[in-house]
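> Mind looking over this structure? Questions follow.
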Amino acid sequence: MVRFLNVGKSRFRGASMKKYRTLICLITAGFIAIILAGSVSIHMQVRNYKEKIQILSVMAEGQGEDSLAAAIALLKGAEGPAGERGEKLLESYGYLKPKANWYSLGLRRDILQISLLSLLAFALYVLALLCLYRMSARKRRQELQELGSILEQFQNNDYTLKGGRSCPGGGEMGQVWSQLELLGERMAVGQRRLEAEKEGTKSLVTDISHQLKTPVAGLKACFEILAQEDLSPKEQEEFREQCRRQLEGLDAMAGALVNISRMETGMIQIKKEPADILETLISAINRVYLKAEEKQISIELEEGEEPPGFLIPHDVKWVCEAFINLLENAIKYSGSQTVISIRMAAYIHFLRIEISDQGIGIPKEEYHKIFKRFYRGAGTEVGQAEGSGVGLYLTREIIGNHGGTVTVNSRCHGNRRGSTFVVQLPLS
Amino acid sequence: METILKTENLCKYYGKGENEVRAVRSADIAIKQGEFTAIVGKSGSGKSTLLHLLGGLDYPTSGKVWVKDKDIFSMKEEELAVFRRRNIGFVFQAFNLVSSVNVWENIVLPIGLDGREADVGFAEDIIKTLGMEHKIHNLPNTLSGGQQQRVAIARALASRPAIILADEPTGNLDSKTSDEVVTLLKASSQKYGQTVVMITHDEDIAQIADRILSIEDGRVVEQG
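In order, the protein sequence lines correspond to chains Y and D.
In this text, residue positions in the first sequence follow my numbering: the first is 170, and each later residue adds one.
In this text, residue positions in the second sequence follow my numbering: the first is 60, and each later residue adds one.
Quick look at the structure:
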């Protein structure tokens with residue numbers, strides 16, 4: 170911004186110097202023109218005077234026919250000694266001295282008038298020029314002041330250029346103006362992004378500290394009870410078990426937080442590369458297979474009409490993480506000996522992956538909330554299960570970063586109990 | 060972030076006395092730049108009336124609506140029409156495409172009618188984002204419902220309005236096409252930083268929004 174300002178200033182200083190020089194040139198030219206015009210008209214007056222004197226001289230000589238001939242000679246413009254004698258005569262009487270005759274006085278008066286008029290014209294001309302210069306200088310100054318005030322406004326983080334202020338016409342000034350407008354827009358966008366980021370970080374920190382409080386308080390209470398000596402061995406065992414569970418919860422949360430913070434701070438960039446989505450899904454299934462086995466839950470991949478295997482641009486590691494989260498949820502909230510079925514189909518733009526379980530289901534009012542950070546369902550079954558409320562949030566973030574969506578859906582499975590999560594990933 | 064649309068004590072009543080229907084009751088809504096908001100409600104809950112008020116298509120009984128810090132109902136009628144054309148994009152259930160001109164013309168026509176120069180590169184990018192690049196010479200009636208709605212979305216996006224109001228954009232589509240169209244609407248509005256307010260009766264569809272407002276008997280409540 171500072172550099173920008175300097176460029177602007179020097180440009181205008183250059184412009185005003187140039188303006189100044191042209192002003193001097195114009196004044197000089199005007200001066201010369203008026204001097205020329207004045208001297209030409211003075212010269213004409215002088216010639217006029219001389220001619221008059223010549224006529225008078227001829228008249229002074231004159232007698233009879235001669236004067237007529239002399240007049241004709243004068244009219245014919247003949248050069249000659251005509252009137253020389255008369256002139257001497259007039260001179261001898263002292264009429265030809267300066268100020269000594271009427272015509273001479275007239276000539277002086279005329280010359281004076283011409284000089285005065287020329288001077289006046291010159292003065293008017295200079296005045297007009299100065300006025301023009303002043304006006305344009307003032308306009309420049311105003312424009313500069315306006316630019317200055319805009320820059321000042323920018324410094325106060327206000328990037329709106331008033332619509333009416335936009336500079337009319339093109340030229341250097343117009344260019345500076347539109348550049349300034351662009352700069353303002355860019356800075357406003359940056360500012361907004363910064364603020365959003367700050368808000369995000371703030372709420373993340375608040376959320377985390379809130380989440381940590383509960384298990385830590387639980388742990389503390391357990392340890393305090395354990396410190397009392399009047400506990401039976403059975404009770405002690407029970408509280409130790411409590412402590413262990415709280416610790417496990419903390420551990421799970423720490424793991425989830427690491428993932429979230431990577432996502433949030435942008436340390437992990439989603440790198441989309443064409444890969445077989447089916448393989449990603451299968452590797453996710455392999456990761457949760459043991460947990461499913463424990464509850465005797467079978468995971469079935471239903472074949473769609475399309476041949477299996479879709480090359481889809483996606484980040485294998487993170488999409489796998491998203492699938493794992495969805496599958497783990499399905500296992501966690503399903504009874505034993507149930508089925509988790511997965512369907513996959515390509516539509517015009519999206520690959521649609523449905524993961525259906527036969528678990529506890531999700532009430533409609535919670536559809537939107539379950540994807541929020543640290544939200545956990547209100548039902549008692551949810552409260553009993555381990556979890557930190559970040560899995561689905563992370564899943565939505567990952568899929569969203571791929572330009573897809575993840576929703577939970579009830580219309581796909583009629584009266585059956587359970588939830589269906591629908592992931593849509595863009596095919597290209 | 061900047062608030063782009065705001066209402067204050069917005070009310071719309073129809074009829075008088077005992078027959079009075081309170082379609083919208085003192086709604087106070089604030090929608091921020093770039094937000095994707097869904098307004099969910101059953102039919103007859105007043106959600107369409109609310110959307111019409113937000114878009115300046117209907118006058119309220121009382122209350123105010125600001126779009127980009129301008130009180131839209133303080134404007135004269137012609138002034139409001141121009142403001143609406145420049146700042147509010149609509150996507151309707153019935154697509155409302157011009158049947159006699161092709162897809163490309165449908166998308167750039169409104170910009171031309173407004174006396175502006177269409178940004179061809181931007182329009183092409185939108186069309187590509189919405190996957191319609193092979194259909195730009197088709198007439199609307201040769202397209203499927205989902206495709207027509209995508210053209211309508213492209214048309215709304217191309218004029219870069221301050222806000223897009225979508226009234227049941229998936230109302231005429233089957234559920235899987237609905238998911239696709241809404242996902243595209245979400246993805247494209249995210250890509251271009253477009254603010255969208257979508258009205259729907261379908262809670263499944265509403266899930267993809269950043270924020271859900273629900274409306275019941277004319278009252279607007281923030282959900283979750």
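Glycine residues also receive a C-beta, built at the ideal position from the N, C-alpha and C atoms.
With distances taken from CA atoms, which of D:A153, D:R219, D:K123, D:R143 is nearest I166 (chain D)?
In the second sequence, the residue the question calls residue 166 (chain D) occupies position 107. Looking at the Cα atoms, D:R219 is the closest of the given residues.
> V577 (chain Y) CB to nearest chain D CB: under 8 Å?
In the first sequence, counting from the first residue as 1, residue 577 (chain Y) sits at position 408. Yes, contact with chain D.
> Using only alpha-carbon positions, find the residue among Y:G587, Y:R542, Y:R586 that is nearest to G369 (chain Y).
As a first step, residue 369 (chain Y) is located in the first sequence; it is residue number 200 there, counting from the start. Answer by Cα proximity: Y:R542.
> I88 (chain D): which of D:I98, D:A82, D:I185 sits nearest, CA to CA?
Translated into the one-based positions of the second sequence, residue 88 (chain D) becomes position 29. With distances taken between Cα atoms, I88 (chain D) lies closest to D:I98.
> With H, G and I counted as helix, E and B as strand and the rest as coil, what does DSSP make of N78 (chain D)?
Start at 1 with the first residue of the second sequence, and residue 78 (chain D) comes out as number 19. N78 (chain D): helix per DSSP, three-state reduction.
> Kindly indicate the opening and closing residues of the alpha helix (DSSP H) around P169 (chain D).
Within the second sequence, residue 169 (chain D) is the residue found at index 110, counting from 1. 162-172 is the extent of the alpha helix (DSSP H) around P169 (chain D).
> Taking Cβ-Cβ distances shorter than 8 Å, what residues in chain D pair up with K533 (chain Y)?
The sequence position of residue 533 (chain Y) within the first sequence is 364, counting from 1. Near K533 (chain Y) (Cβ distances below 8 Å), the residues of chain D are E262.
> Using only alpha-carbon positions, find the residue among D:V80, D:A268, D:G180 that is nearest to G277 (chain D).
On the second sequence, position 218 is the one that residue 277 (chain D) refers to. Among D:V80, D:A268, D:G180, the Cα nearest to that of G277 (chain D) belongs to D:V80.
> Under 8 Å between the Cβ atoms of K235 (chain D) and Y516 (chain Y)?
Mapped onto the second sequence, residue 235 (chain D) falls at position 176. Mapped onto the first sequence, residue 516 (chain Y) falls at position 347. Yes.
> Which chain Y residues sit within Cβ distance under 8 Å of I267 (chain D)?
Along the second sequence, read from residue 1 onward, the residue named residue 267 (chain D) stands at position 208. Ordered by position in chain Y, the residues that pass the 8 Å Cβ test against I267 (chain D) are T574, T576.
> Just to make sure I have the definition right: I need the residues of chain D whose C-beta is within less than 8 Å of the C-beta of I517 (chain Y). Which are they?
Reading the first sequence from its first residue, position 348 is the one you call residue 517 (chain Y). Within chain D, the residues placing a beta-carbon under 8 Å from that of I517 (chain Y) are G190, G205, E239, ordered along the chain.
> Below 8 Å between beta carbons: does that hold for I258 (chain D) and E227 (chain D)?
Taking the second sequence and counting its residues from 1, the one referred to as residue 258 (chain D) is at position 199. Taking the second sequence and counting its residues from 1, the one referred to as residue 227 (chain D) is at position 168. Taking 8 Å as the Cβ cut-off, I258 (chain D) and E227 (chain D) qualify as a contacting pair.
> Are the CB atoms of I4 (chain D) and S237 (chain D) nearer to each other than 8 Å?
The shown model of chain D, from 60 to 283, leaves out residue 4 (chain D), and the question about it has no answer.
> Which of helix, strand or coil does DSSP assign to A177 (chain D)?
As a first step, residue 177 (chain D) is located in the second sequence; it is residue number 118 there, counting from the start. Three-state DSSP puts A177 (chain D) in coil, outside helix and strand.
> Applying a beta-carbon distance threshold of less than 8 Å, which residues of chain Y neighbour K17 (chain D)?
The structure shown has nothing for residue 17 (chain D), since chain D only spans 60 to 283.
> Drop a sphere of 10 angstroms on the beta-carbon of P119 (chain D), count the other beta-carbons inside from all chains shown, and report buried for 16 or more, exposed for fewer.
The residue you call residue 119 (chain D) lines up with position 60 of the second sequence. Counting Cβ neighbours within 10 Å, P119 (chain D) comes out buried, since at least 16 surround it.
> Does M191 (chain D) pass the burial test, meaning 16 or more other C-beta atoms within 10 Å, or should it be called exposed?
Position 132 of the second sequence, counting from 1, holds the residue named residue 191 (chain D). Its Cβ being crowded by 16 or more others within 10 Å, M191 (chain D) is buried.
> Closest by CA to L480 (chain Y), which one among Y:E490, Y:D445, Y:W487, Y:E462?
In the first sequence, the residue the question calls residue 480 (chain Y) occupies position 311. Per the Cα distances, Y:D445.
> Closer than 6 Å by C-beta to N68 (chain D): which residues in its own chain qualify, once you throw out the five before and the five after it? Chain order, please.
As a first step, residue 68 (chain D) is located in the second sequence; it is residue number 9 there, counting from the start. In the same chain as N68 (chain D), and ignoring 5 residues on each side of it, the C-beta atoms closer than 6 Å to its own belong to S85, G122, in chain order.
> Indicate whether at least one CB of chain A lies closer than 8 Å to the CB of H379 (chain Y).
In the displayed structure, chain A is absent; the protein chains listed are Y and D.
> So if I threshold CB-CB distances at 7 Å, which residues from the stretch 350-382 of chain Y count as touching chain D?
R361, E364, A365
> I need the boundaries of the alpha helix (DSSP H) containing D238 (chain D), first residue and last residue.
Here residue 238 (chain D) is taken as the residue at index 179 of the second sequence, counted from 1. Residues 234-251.
> In chain order, what residues of the stretch 534-563 of chain Y put their CB closer than 9 Å to some CB of chain D?
E534, E535, Y536, H537, K538, F540, K541, Y544
> Would you list the one or two residues that DSSP bridges to F590 (chain Y)?
Locating residue 590 (chain Y) in the first sequence gives position 421, counting from the first residue. Residue pairing for F590 (chain Y): DSSP places it in a beta bridge opposite Y:I524, Y:V577.
> Could you list the residues in the stretch 431-465 of chain Y with a C-beta less than 7 Å from some C-beta on chain D, going in chain order?
Per Cβ criterion, the list is empty.
> Which word fits V640 (chain Y), buried or exposed, when buried means at least 16 other C-beta atoms lie within 10 angstroms of its C-beta?
Nothing about residue 640 (chain Y) can be read from this structure; chain Y reaches only from 170 to 597.
> If you draw a straight line from the C-alpha of G171 (chain D) to the C-alpha of D526 (chain Y), how long is it?
Position 112 of the second sequence holds residue 171 (chain D). Position 357 of the first sequence holds residue 526 (chain Y). Approximately 52 Å, taken between the alpha carbons.
> Would V577 (chain Y) and S588 (chain Y) qualify as a contact pair, given that the criterion is a beta-carbon distance under 8 Å?
In the first sequence, the residue the question calls residue 577 (chain Y) occupies position 408. In the first sequence, the residue the question calls residue 588 (chain Y) occupies position 419. Yes, Cβ-Cβ distance for V577 (chain Y) and S588 (chain Y) is below 8 Å.
> Can you give me the start and stop residues for the beta strand (DSSP E) that H537 (chain Y) sits inside?
In the first sequence, counting from the first residue as 1, residue 537 (chain Y) sits at position 368. No beta strand (DSSP E) holds H537 (chain Y); DSSP gives it neither H nor E.
> Please state whether DSSP places Y544 (chain Y) in a helix, a strand or coil.
Mapped onto the first sequence, residue 544 (chain Y) falls at position 375. In the structure shown, Y544 (chain Y) sits in coil (DSSP, three-state: anything other than H, G, I, E or B).
> Using DSSP's beta-bridge definition, name the partner residues of W125 (chain D).
Residue numbering aside, residue 125 (chain D) sits at position 66 when the second sequence is read from its first letter. Partner(s): D:K65, D:D130.
> Could you confirm whether any beta carbon from chain D is found closer than 8 Å to the beta carbon of Q324 (chain Y)?
To locate residue 324 (chain Y), count along the first sequence from 1; it is residue 155. It does not; no Cβ of chain D falls within 8 Å.
> Are three or more beta carbon pairs between the stretch 212-221 of chain Y and the stretch 305-320 of chain Y nearer than 8 Å?
no
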